[in-house]
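See structure below.
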């Protein structure tokens, strides 16, 4: 039986840059940060030949984000403006207390957003932004009672 979602994993170009974003700017807690070289188990699980990476797990509320900076094999770059309609993961969503305040704070820090926060209905206000590698993150504010 599936009981929940534990984490989402991202392959990143520069671990220090990504930690500065997820840990320092977004306030996530680093649970682990280590490096590893190839092993038969890693090859089997990842389906890669001789994988080697730095791996960090960050906690955010009730879930985690796992970051991988692969040293081997060399990863293909992702377009920093990859459209959300391309096949594969399109985004992950973070709950925030005030989406307008987060939008202003993160914009000042250089985060690129698709648009200012918009109302998706009386119980949700949201916007999409991008991390330093171009991964899309939704910042949403949910209301228990309708606001508009």
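In my numbering, the protein residues as written are 327 to 474. We treat Cβ as the ideally placed atom computed from N, Cα and C, and that holds for glycine.
- DSSP places residue 402 in the coil class of the three-state scheme, outside both helix and strand.
- One alpha carbon belongs to residue 433, the other to residue 439, and they sit about 8 Å apart.
- Secondary-structure assignment with DSSP links residue 429 through no beta bridge to anything.
- By the Cβ test, the stretch 372-389 is in contact with the stretch 348-361, since at least three Cβ pairs between them sit closer than 8 Å.
- One alpha carbon belongs to residue 424, the other to residue 467, and they sit about 6 Å apart.
- Here the C-alpha atom of residue 395 lies approximately 27 Å from the C-alpha atom of residue 422.
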